[in-house]
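Going by the numbering used here, the residue at position 229 of the sequence shown is 232; the numbering climbs one at a time, nothing skipped.
Beta carbons are placed, not taken as given, at the ideal position from N, Cα and C, and that holds for glycine.
Notes to accompany the following structure.
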Amino acid sequence: SQGDGVLPICRRCAQRQEQCDRPEVKSKFVVYTPNSSLSRSRPPEMHRPNSVERPQRSAVQATSNVEHNDLRVPDPINPRADLGNQVVAGLLHHYIEHLAAWYDLCEHDRPFELLVPIRALDLPVLFNAIIAFSAQHMTLSDSRYEVISTVYHSACIHGLLSGLSDFDPGLQEDYLVAACLLRSFEILKADSREEQRHLLGAYRFSSTGEIDMTSAGLLQAGAWNYLREEITVALECRRPVRLTINLDIRTVGPQPESMHANTVTYILARVINYCFNRGSTNQQEDSNHDEWTSLKGDLTYWKESLPTSYEPYSRASKEGNVFPSAWYLRPWHSKLDSSFGREAAEANTVAAAEYYLTAQTLLLLHNSDTVLDVKNVEGLCGIAYTNESKAARVNAFGPMAFCGRYLTDPKQREGLKQLLLTSSLEVGWPVHRILEDLETFWHR
């Protein structure tokens, strides 16, 4: 049906469970340089200006602005100067309050909320990534922010390319974080499977030097986030994961509770690679069986090693949930002093449970001696419905996209479609391709 203009799926079509009928928007990207002109086309459905001409200027001309309706946007000069503009300041605030949780999903110390903004004040490539991502998220409800996201994205790309050509090991974590943030920009801008340039960029920065994944820090947080982004795309596209880390889960010493969620992330990545990158020759069958047994053993070991805080505290039915409900504790509630942090703690246990069920489903599907247990799929969808953390919802799109195909109950299929549409409206994640894939698989 004809939508109301809200992206990625308008509220009118979401309520009717219909797909928005709008022409495909073709986006132009430019690489920002301090003395260049920037032109943009005007697709009528986006209500963009005909063009925005950026006059040549020197770095000291910080008062030169691009005006877009009533938003005045400074050319990126340096973070502290840019923050003198109220729109840019608001975008940094929007990132801290609403978007950092996506990345602090499994991080006890919340570095993307507490540390990344501080570092960004003195590192333009990181600051530009934050503003580009935040502006693109705002664009979903207000198209005037589109010009801001494009300008800051271009400036960040310029910095990342410079970082790749003249790599400074001391900035590896910052460049990795910036690439991860731009990956979310990429998804909100287009589609998780069509655009993967920044995912490749994150891979480059995560594989530049060996990372000790048993430690905690911004570098490790960036690497875990890169891996979760890889998993999301791998599950949607049914392809292997570019795995850059190694971890012996049975020899890891005492860790924060959040590490359990990271550990199952690593196990799931290995399971995905086993399932989507298997050989078909007879001589590989024995090694495949041994690997399957090893992965199944690691998954069982992980499950049996969990603290009780990772178990649901109730399975009472939630109103409107056509799946089994499972309510999860917030294990670090007493240690955190903000609702944002408590949400991230809850999201941690939710994400871990969803990844575990996804790995179980994959392993059962890829062994001739086992059969799929649809209860794992129903449980995954039920967890996503019961627990409303936006960070966990973002992380669940990949698992729901893959596992949801194996639902057989018509009511549950409709329930999953509604859950995807509702989640898309809440966080801005594009789900039209996921819905198309599900419908195709269900009716093949």
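Annotation note: the stretch 392-417 contains the following uninterrupted alpha helix (DSSP H) runs of length 4 or greater, listed N- to C-terminal: 393-406. Nearest to residue 392 by C-alpha distance, out of 221, 354 and 76, is 354.
Looking at the DSSP output, residue 330 sits in a beta bridge with 317. Counting C-beta atoms within 10 angstroms of its own C-beta, residue 75 has fewer than 16 neighbours from the protein chains shown and is therefore classed as exposed. The criterion of a C-beta distance shorter than 9 Å is satisfied by residue 252 and residue 304. Residues of the same chain with a CB within less than 7 Å of the CB of residue 389, apart from the 5 flanking positions on each side, are 321, 324, 328, 329 and 330 in chain order. Take the alpha-carbon of residue 158 and the one of residue 311: they are about 46 Å apart. For residue 137, the uninterrupted alpha helix (DSSP H) segment begins and ends at 127-142. In the same chain as residue 102, and ignoring 5 residues on each side of it, the C-beta atoms closer than 7 Å to its own belong to 136, 137 and 140, in chain order. The three-state reading of DSSP puts residue 173 in helix, counting H, G and I together. Taking residue 306 as reference, the option from 91, 172, 386 and 360 with the minimal CA-CA separation is 360.
With the rule of 3 Cβ pairs closer than 8 Å, the stretch 168-182 counts as touching the stretch 220-228. Boundaries of the alpha helix (DSSP H) around residue 93: 89-97. Rounded to whole angstroms, the gap between the alpha carbons of residue 413 and residue 438 is 14 Å. In the three-state reduction of the DSSP assignment, residue 213 falls in the coil class. Residue 386 and residue 243 have their C-alpha atoms spaced approximately 25 Å apart.
Looking only at 394, 259 and 411, the smallest Cα-Cα distance to residue 429 is reached by 394.
Distances from the CA of residue 216 to each of 237, 263, 274 and 172 were compared; the closest alpha carbon is that of 263. By a beta-carbon distance limit of 8 Å, residue 444 contacts residue 408. Their separation comes to about 4 Å. Bounds of the alpha helix (DSSP H) holding residue 105 are 103-106. Beyond the five residues adjoining it in sequence on each side, residue 107 comes within less than 6 Å, by CB distance, of 113, 115, 116 and 347 in the same chain, given in chain order. The beta-carbon separation of residue 128 and residue 163, rounded to 6 Å, stays under the 8 Å limit for a contact. By the Cβ-count criterion, residue 236 is buried, with 16 or more other Cβ atoms from all chains shown falling within 10 Å of its own Cβ. With a threshold of 16 other beta carbon atoms within 10 Å, residue 83 falls short and is exposed. Taken atom to atom, the span from the alpha-carbon of residue 375 to that of residue 434 is near 25 Å. By the neighbour-count criterion, in which 16 or more other beta carbons inside 10 Å mark a residue as buried, residue 427 falls on the buried side. Annotation for residue 377: 409, 410 and 411 place their beta carbon closer than 8 Å to its own, counting only its chain and skipping 5 residues before and after. Setting aside the 5 residues that flank it on each side, residue 97 is surrounded in the same chain by 137, 140 and 141, each with a C-beta closer than 8 Å to its C-beta; the list follows chain order. In the DSSP assignment, residue 254 falls outside any alpha helix (DSSP H), carrying neither H nor E. 192 is the residue among 296, 192, 184 and 161 whose C-alpha sits nearest the C-alpha of residue 148.
In the three-state DSSP reduction, residue 231 falls in the helix class (H, G or I). Nearest C-alpha to residue 104 among 364, 187 and 131: 187. Taking C-beta atoms as the reference points, residue 231 and residue 398 count as a pair closer than 9 Å. Residue 316 is classed as exposed because its beta carbon has fewer than 16 other beta carbons within 10 Å across all chains shown. When the beta-carbon positions are compared, residue 366 and residue 278 come within less than 9 Å of each other.
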